[in-house]
Each structure stands twice: as C-alpha cells, then as structure tokens.
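Data block below; observations after.
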Amino acid sequence: MAPRSFLFGAQKFDLRHAIMLAGFAVLLIVPLFGDAYLVRIASRIVVLSMVAVSLDILLGYGGLISFGHAMFLGSGGYVVGVLAFFGVENGFVAYPAAILLSVTLAALVGLIVLRTVGVYFIMITLAFAQMLYYLANAIRIGEDYGGDEGLPLSRRSPLFGILNFDDPAVFHYFALAVLLAILFVSYKLVHSRFGRVIEACRDNERRAKSLGYDTFRYRLVAFMISGGIAGLAGAMHMNLQKFVSPDELHWIISGDLLIMVIVGGANSLIGPIIGTSVFVLLEEGISNYTEHWMAIFGPLLILVVLFGRRGIYGLIRPRGEGGGEGR
Amino acid sequence: MNDPVLAVEGLTKRFGALIANEEIDIDVRRGEVHAVIGPNGAGKTTFISQLAGELPPDTGRIALNGRDITALPVHRRALLGMARSYQITSVIPSFTALENVAFAAQAVDGHSYRFWRPAQAAHHLNEKALAILGEIGIADRSGVLAKNLAHGEHRQLEIAMALATDPQLLLLDEPTAGMGPGATESMIGFLDTLKGRYSILLIEHDMDVVFSLADRISALVNGRRVATDTPDSIRRNAEVRRAYLGDRADRLVLPQAGA
Numbered sequence: 012m013a014p015r016s017f018l019f020g021a022q023k024f025d026l027r028h029a030i031m032l033a034g035f036a037v038l039l040i041v042p043l044f045g046d047a048y049l050v051r052i053a054s055r056i057v058v059l060s061m062v063a064v065s066l067d068i069l070l071g072y073g074g075l076i077s078f079g080h081a082m083f084l085g086s087g088g089y090v091v092g093v094l095a096f097f098g099v100e101n102g103f104v105a106y107p108a109a110i111l112l113s114v115t116l117a118a119l120v121g122l123i124v125l126r127t128v129g130v131y132f133i134m135i136t137l138a139f140a141q142m143l144y145y146l147a148n149a150i151r152i153g154e155d156y157g158g159d160e161g162l163p164l165s166r167r168s169p170l171f172g173i174l175n176f177d178d179p180a181v182f183h184y185f186a187l188a189v190l191l192a193i194l195f196v197s198y199k200l201v202h203s204r205f206g207r208v209i210e211a212c213r214d215n216e217r218r219a220k221s222l223g224y225d226t227f228r229y230r231l232v233a234f235m236i237s238g239g240i241a242g243l244a245g246a247m248h249m250n251l252q253k254f255v256s257p258d259e260l261h262w263i264i265s266g267d268l269l270i271m272v273i274v275g276g277a278n279s280l281i282g283p284i285i286g287t288s289v290f291v292l293l294e295e296g297i298s299n300y301t302e303h304w305m306a307i308f309g310p311l312l313i314l315v316v317l318f319g320r321r322g323i324y325g326l327i328r329p330r331g332e333g334g335g336e337g338r
Numbered sequence: 051m052n053d054p055v056l057a058v059e060g061l062t063k064r065f066g067a068l069i070a071n072e073e074i075d076i077d078v079r080r081g082e083v084h085a086v087i088g089p090n091g092a093g094k095t096t097f098i099s100q101l102a103g104e105l106p107p108d109t110g111r112i113a114l115n116g117r118d119i120t121a122l123p124v125h126r127r128a129l130l131g132m133a134r135s136y137q138i139t140s141v142i143p144s145f146t147a148l149e150n151v152a153f154a155a156q157a158v159d160g161h162s163y164r165f166w167r168p169a170q171a172a173h174h175l176n177e178k179a180l181a182i183l184g185e186i187g188i189a190d191r192s193g194v195l196a197k198n199l200a201h202g203e204h205r206q207l208e209i210a211m212a213l214a215t216d217p218q219l220l221l222l223d224e225p226t227a228g229m230g231p232g233a234t235e236s237m238i239g240f241l242d243t244l245k246g247r248y249s250i251l252l253i254e255h256d257m258d259v260v261f262s263l264a265d266r267i268s269a270l271v272n273g274r275r276v277a278t279d280t281p282d283s284i285r286r287n288a289e290v291r292r293a294y295l296g297d298r299a300d301r302l303v304l305p306q307a308g309a
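Quick note, the sequences are listed as chains A and B, same order. The numbering used here applies: residue 12 is where the first sequence begins, and numbers increase by one. The numbering used here applies: residue 51 is where the second sequence begins, and numbers increase by one.
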C-alpha cells in the first residue's frame, strides 16, 4: 500500500494544500483588521462550513442527497434559543443539548426517510424539514416569542468564564477551532471501517447486504452523526446571529447547503468548505449591487457542474490523482 | 456428515398466474458441488434469489446448517455463512480490488462500528484479502479500482469477495457468464480447487462447467425440479434431455462414449 500522509491522503504538497492553507490563513487573520462586518462574514463561512461538511458525509460518502439538512441547523438553533428563554445560558449545557436533540431528531427522521432511496429520499427529507418549518412558525410563546418572530439570544452562550464571546473575534476563533475539530473527526470517520461501509452502501447497497451488512442501520448511524454535527453548527449559527427564526429551517436553506457541497466538490470534506466560502462571498459581494445575485451564481453553478464533475475542489486536484468517486 | 448444509423443502414462488418455482426440494451436502441447470425461464434466478433472501418465497422452507432461515433478511443469512456471487458482476466500483475483498472480510470480522482508526490499517483484513486474490490469480491487480478491471477480473473478484466471508455455502450464479473460452477454463480450474473445501450450489448455463465440476446435478424445467442425480445419470435422463439438453446431450455424451 502506498504511504499516506495525514493531509487528506496526498503524498506531497500541491495546489490544493496551498489554497487550503491560504484560506485558513485568511480566516485566521480577518479579525486583525478590526472590521466587524468582515469578521461576521468570515464567521458565517466558518459556521455554515460545518453544516456543509456534515452534509458531505451523507451526500458525498453515503450517496444520500438530503434536501432537508436545514432542519438540523434549525433544531440546534432552537435548542439554544429555548434554553436561553428559560434562563439556561451556559454553553456547556446549550451545545451538548443542541447536539443531543439533533441526533435524536436525526434518529427519528432517519428511521422513516432511510427506507427510501433516490428521488424519494430527496422528497421525503424535504417534507420533514418543511413540516418542522411550519411547526416552528406555529409555536409561539406569549406575544413576542416564537412563531415567525423567532427567538432572540441576549448574550452568546458562555463556555469558559474568561472567554468573552461578545467580542466577535473571540467567537470567530472559537468557531474556527470547532470547524477544525469537526473536519478532523469527519476525516477520521470517512476513512474508518464505518466509513468504508457507508461508501459501499452508496456504490452498491445490494452487494453490501449480501456480504452481511445491515445497510439500513449503518445509514441510520451516519444520518445521526451528520445530524449531530449539523445541530452543533446550528447552535453556533444561533450564537453568531443571536437570533433564530423559522427561516433557518426553510427549504431554500437546505437547497443552499446542497449547492455549497456540490459546487465545492462532494466526497472531499474540503470541497464543501470551498463551496461555502464561494457561496457566502458571492452572496455578500454581489448582493451589495443587485438583489438578483442568484442570476450570477446560477450560471456559475451550471458551469461547475458541467466542467468540474467533482466541483471546484475537483478542478484544483492535481492531474492523474484518482479519487474514490462512486458513480 | 449426513446433515446437509442447505436443505430446501417445497419452495414455491408465484408471480401472478406464473409459477416461477413450484415445490422445489433440493439439498446441498457438506463439501459437494450441486449444480442447478435448466433452460432460460426455468426459474433458476428466482430460486437463487429466494435462497439469498432477496425474494420472499410464497411457501416452503429453507434451512442452513439445520437452522430455518426462511424468514431472515439477506444480511443475516450472509452472516450465517451464505455467500453469493452474482451473474451480473456486483462489486464496489470505487474501491480497489483489495478494498473490495477486505470489505467483504470485514463483514464477518465484525467491528464495523469503528469510527476512528483508518480502515486500511486493518492489516489482518488486507492480508486475508491479498491471500484470496493471490489464490484466484489477480493479486497483481489488487491496487486497481474495481471499475477499471476487465470483465474476467470482475468475475474473479466477485468470487474472491464471496470467499472472504468464510462461507459455509457458496451460491455461485453463473460464475463464468460472459467469459471467453480461455478464461472459462481457468475459472473451472480455480473452482475445482474449492471442491471439498466448500459446499457449493452452482447455477450455470455452460455445460462444460457443470459437467466438469458437479457432484450432483438438479434440473429445473418450467419451475419444477424434474431430476436430481449424478452427472452421468443426468446425461442419460430422458426427461432432462427432452426438456433441456436436446442434441447438446448427445454431443456431450458421445465423445465420452467413444473414448
């Protein structure tokens, strides 16, 4: 077997690593400019990247195109919001609770949606997320809370007494650390024995079954892991915005997440982060000039899908390097 | 030794008005190669799909090592020792040949809910996989992605994956389908080395393969088992010849009769 270095399976430093390191460096130094708006954009990229990476575990590795991943962004956010409403602010409670509830939600939803494949899977995940969207719209607490008003967060969930998360830079570095941790855990996951089963289920579920794998259960566990990571990201998103509303659950968000993963390059973990960066930067950059920023992003999406079947990450892959793409 | 590895009783499967399998009784003894032959549409594929668990039978009973497995799902049967190769190659295209076989070995190794250590660091699985690939003759192709393998190599990989699950019973569905004469020859040679070590139910169109490997042969005609006997007796069986072998039986028999 060829020796593999830690850095995403490549044997030597190449263009991808240069771009990754440059991107990381930018995210690292943005707070130094002291521009709160720029920090906010950078933090948005970091937090949404977490969701995109979690979606890539399902989409790129598991072949499960979830069109309802916003439900976990919402579930994580609402856990933080509801806890804060009842006076529980501590991050050591809020973040684990967000993960736990999202994993539970993923288990319950997964039990049903994973009985379908292909287009039906896309549709039923969409249906579940929309159900939660309308549920979040319907449930109000008194006059001013919940429903379409959403829930505010007066102060970011404190974790350690010394860290002041109301300083955007501190929160940004915290989010960046969480993203790196998620990336590392996901990398280990997809290359583990479990990851091998998930990829085999994507390629040839019938064969995996006939070899003795209970494919449904493996997919369910993958769905729960992905949901938990996305739930954590949802909690971070809520903390970033200090606000959560049903909009977080809307299918458009689920669609945006799919676009981020596919444009960036599924089945790579890094691609979704690139995709998220491009998406957020274009959204922020172009929407300053025109509302119709999708008119520019749309054609770009088509070009990437047409010419780079593995997304932007696939385009910057050195020639001759094979990949684990299934189809 | 007397108890069969596989015992099938009264297996019946209907698709609407069509009776695909009717009251089939077949057993596979320990260490034997039991071939199932029959013309197209005789119900061979329906039969093997029911054995593997992909099709639920209407009535009948399937027992593996004396245990009733009729109601068990595919993966449970596999873990009990039933391994299958497919007529149409069914491998994991984005895995290398070695990864395919190691993945099959992992199924019986357990511990697939391991989320941290790299799968390729499981040396015992890799070594087992490499040994099997060597035995079947494609060890030099172990690092090639399965989707880039040639057709004959796919067929070999298919068998290698089945063997990696330490099977009690091998269900081989036309292992030489689509192979050229030379490749078929070497596949027969390889399958011959499995004789006695594995109990094999072999479904096959190629009569050369059947008659050079089988200890016993069952003939299916229109969904019914019309005979089970030694290859020599099957050659002479009038009902089998009429239904299936036709003039091909003469060609198969005559050289031997003349020898």
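Virtual Cβ for every residue (Gly too), placed ideally from N, Cα, C.
query: So the alpha helix (DSSP H) B/Thr-120 belongs to, where does it begin and stop?; result: Here B/Thr-120 belongs to no alpha helix (DSSP H), and DSSP marks it neither H nor E.
query: In this structure, does DSSP put B/Met-132 in helix, strand or coil?; result: strand
query: Indicate whether at least one CB of chain A lies closer than 8 Å to the CB of B/His-84.; result: no
query: Does the contact criterion of 3 or more C-beta pairs under 8 Å hold for the region 59 to 74 of chain B versus the region 98 to 116 of chain B?; result: yes
query: State the start and end residues of the unbroken beta strand (DSSP E) segment that holds B/Thr-278.; result: 274 to 279
query: Quick check on the DSSP output: what are the complete alpha helix (DSSP H) runs of length 4 or more inside the region 148 to 226 of chain A, in order along the chain?; result: 179 to 201 and 204 to 222
query: Determine contact between the region 72 to 90 of chain A and the region 282 to 292 of chain A, defined as no fewer than three beta-carbon pairs at a distance below 8 Å.; result: no
query: If you draw a straight line from the C-alpha of A/Gly-87 to the C-alpha of B/Arg-167, how long is it?; result: 29 Å
query: Tell me, to the nearest whole angstrom, how far the beta carbon of A/Met-31 is from that of A/Ile-240; I am working on the premise that it is less than 8 Å.; result: With 8 Å as the limit, A/Met-31 and A/Ile-240 do not qualify as a contact, their Cβ atoms being about 20 Å apart.
query: Return the residue from the list A/Ala-277, A/Val-41, A/Tyr-144 and A/Arg-204 that minimises the CA-CA distance to A/Ile-264.; result: A/Tyr-144
query: So, for A/Ala-233: in the same chain, excluding its five sequence neighbours on each side, which residues have a beta-carbon less than 6 Å away from its beta-carbon?; result: Gly-73 and Ile-209
query: Please specify which runs of the alpha helix (DSSP H), each continuous and at least 4 residues long, are wholly inside the region 251 to 331 of chain A, giving them in chain order.; result: 262 to 275, 281 to 298, 305 to 318 and 322 to 326
query: Below 8 Å on the Cβ atoms is my contact criterion, and I expect A/Gly-71 with B/Ala-169 to pass it. Report the Cβ-Cβ distance as a whole number of Å.; result: Contact doesn't hold; Cβ gap of about 17 Å is too wide.
query: Would you be able to state if there are at least three C-beta pairs under 8 Å between the region 97 to 113 of chain A and the region 268 to 282 of chain A?; result: no
query: So which residues on chain A does B/Ser-140 lean against when the C-beta distance must stay under 7 Å?; result: Asn-215, Arg-217 and Arg-218
query: Going along chain B, which residues have a C-beta under 7 Å from A/Asp-225?; result: His-125
query: As a quick exercise: from A/Ala-47, A/Ala-219 and A/Val-181, pick the residue whose alpha carbon is nearest that of B/Ser-162.; result: A/Ala-219
query: Give me the Cα-Cα distance between A/Arg-27 and A/Ile-56, rounded to the nearest whole angstrom.; result: 19 Å
query: First and last residue of the alpha helix (DSSP H) that includes B/Asp-172?; result: Per the sequence shown, the amino acid found at residue 172 of chain B is Ala instead of Asp. It is not in any alpha helix (DSSP H) - B/Ala-172 carries neither H nor E in the DSSP assignment.
query: Less than 8 Å between the C-beta atoms of B/Ile-76 and B/Thr-278, yes or no?; result: yes
query: Name the residues in the region 235 to 260 of chain A whose C-beta lies less than 9 Å from a C-beta of chain B; which are they?; result: Ile-236
query: Measure from the alpha carbon of B/Pro-123 to the alpha carbon of each residue in B/Leu-101, B/Tyr-136, B/His-201 and B/Val-290, then state which is nearest.; result: B/Leu-101
query: Just the Cα atoms here: how many angstroms apart are B/His-173 and A/Leu-146?; result: 50 Å
query: So with CB distances below 7 Å, who are the chain A contacts of B/Arg-167?; result: Ser-203
query: If you drop the 5 nearest sequence neighbours on each side, which residues of the same chain put their C-beta closer than 8 Å to that of B/Gly-187?; result: Gln-206, Ser-236 and Phe-240
query: Ordered along the chain, which non-local residues of its own chain (more than five positions away) have a Cβ less than 7 Å from that of B/Gly-202?; result: Met-229 and Ala-233
query: Quick check: the region 91 to 100 of chain A against the region 303 to 322 of chain A, are at least 3 beta-carbon pairs closer than 8 Å?; result: no
query: Whole angstroms is fine: what's the gap from A/Leu-260's alpha carbon to A/Asp-155's?; result: 20 Å
query: Can you tell me the Cβ-Cβ gap for A/Ala-246 and A/Val-91, rounded? I've got them flagged as a contact below 8 Å.; result: 5 Å
query: Evaluate B/Val-151 with the Cβ neighbour count: other Cβ atoms within 10 Å of its Cβ, from every protein chain shown; 16 or more gives buried, anything less gives exposed.; result: buried
query: Would you mind reading off the limits of the beta strand (DSSP E) that contains B/Ser-268?; result: 266 to 271
query: Please list, in chain order, all residues of the same chain as A/Asp-177 whose beta carbon is under 8 Å from its beta carbon, the five residues on each side excluded.; result: Arg-166 and Arg-167
query: Beta-carbon of A/Leu-222 versus every beta-carbon of chain B: anything under 8 Å?; result: yes
query: If you draw a straight line from the alpha carbon of A/Ser-159 to that of A/Ala-138, how long is it in whole angstroms?; result: Reading the sequence as shown, one finds Asp at residue 159 of chain A and not Ser. Cα to Cα, A/Asp-159 sits roughly 19 Å from A/Ala-138.
query: Quick one: Cα of A/Ser-203 to Cα of A/Val-37, how far?; result: 31 Å
query: What are the residues in the region 184 to 212 of chain A lying within 8 Å of chain B by C-beta distance?; result: Lys-199, Leu-200, His-202, Ser-203, Arg-204, Phe-205, Gly-206, Arg-207, Val-208, Glu-210 and Ala-211
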